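Below is one structure, written out as structure tokens, with a few remarks after it.
Numbering (our numbering), first residue to last: 880 to 1079.
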């Protein structure tokens, strides 16, 4: 049970303990890069170096990249962390109107103010507080339906015939709405592609 375990701040690579940057900002940067179709090798490298402080310098990162086995394992662990420990149910649950839909109902950049406000109500300042990625996602998934953010997500997920709700869905629609599973699969595939490139 996750709530009875300590959150991870270290991983083991080839038997050696490495500190990781567990802050939510790194993983959001990864998601945004994929959503905006900017998850280039250069940006993936930057995210990778932010996640592993030991490899933050270009010199250390280059040494790591030359060790294909170590690099592949490090990339696997980054993916493991992003998935919150190999969770298979990593889906944004839509609350409110039409719960259970799998359409992507939010965007971290587009909904920045509403997400900030929802966390601020819980006493968390996302502009300066460190929040572990797994904790961030747990809080994100359990926001009160009374928050404007959850209401907006509900409007975006609506698929019925009520004209007023259809108008609200249109008003609050995201510039581009992808399906959640497609987004997640795409991130996984891109990271695995980078991983496989280093295994060859």
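Beta carbons: idealized from backbone N, C-alpha and C, even for Gly.
Quick caveat, the model's predicted, so the values are computed rather than measured.
Starting from the Cα of residue i, find the closest Cα among the options and give me that residue.
i: residue 894; options: 952, 1005, 1041, 1045; result: 952
i: residue 999; options: 915, 1013, 1022; result: 1022
i: residue 927; options: 1015, 1071, 940; result: 940
i: residue 888; options: 1020, 917, 963, 945; result: 963
i: residue 996; options: 960, 1017, 1029; result: 1029
i: residue 897; options: 1015, 938, 943; result: 943
i: residue 1071; options: 938, 933, 945, 961; result: 961
If you follow the beta strand (DSSP E) that residue i is in, where does it begin and where does it stop?
i: residue 1048; result: First-last for residue 1048: 1042-1050, but that is the alpha helix (DSSP H), not the beta strand (DSSP E).
Which first and last residues belong to the alpha helix (DSSP H) in which residue i is found?
i: residue 895; result: It is not in any alpha helix (DSSP H) - residue 895 instead sits in the beta strand (DSSP E) that spans 895-898.
i: residue 909; result: 903-914
Taking Cβ positions, are residue i and residue j nearer each other than 7 Å?
i: residue 1085; j: residue 1037; result: Residue 1085 cannot be examined here, being either before or after the span of the chain that is shown, 880 to 1079.
i: residue 1051; j: residue 1069; result: no
i: residue 987; j: residue 1027; result: no
i: residue 949; j: residue 909; result: no
i: residue 930; j: residue 911; result: no
i: residue 984; j: residue 1032; result: yes
i: residue 913; j: residue 1039; result: no
i: residue 956; j: residue 890; result: yes
CB-CB under 6 Å to residue i, same chain, minus the five flanking residues each way: which ones, in chain order?
i: residue 978; result: No answer about residue 978 holds up, because its pLDDT of 42 lies below 50 and its placement is not dependable.
i: residue 936; result: none
i: residue 1126; result: Only positions 880 to 1079 of the chain appear in the structure, and residue 1126 is not among them; the question remains open.
Only counting the same chain, and skipping five residues up and downstream in sequence, which positions put a Cβ closer than 8 Å to that of residue i?
i: residue 902; result: 1009, 1010, 1011, 1012
i: residue 989; result: 1053, 1054
i: residue 907; result: 987
Should residue i be listed as close to the ligand MG, given that the test is whether its C-beta is under 6 Å from any heavy atom?
i: residue 954; result: As for the ligand MG, it is missing from this structure, which has no ligand bound.
Go through the stretch 924-973 residue by residue and report every complete run of the alpha helix (DSSP H) that reaches 4 residues or more, in order. Runs of the alpha helix (DSSP H) lying entirely within the stretch 924-973, each at least 4 residues long, are 937-945, 947-961 in chain order.
Could you give the uninterrupted runs of the alpha helix (DSSP H) lying entirely in the stretch 985-1043, keeping only those of 4 residues or more? For the stretch 985-1043, whole alpha helix (DSSP H) runs of length 4 or above, ordered along the chain, are 991-999, 1012-1020, 1027-1036.
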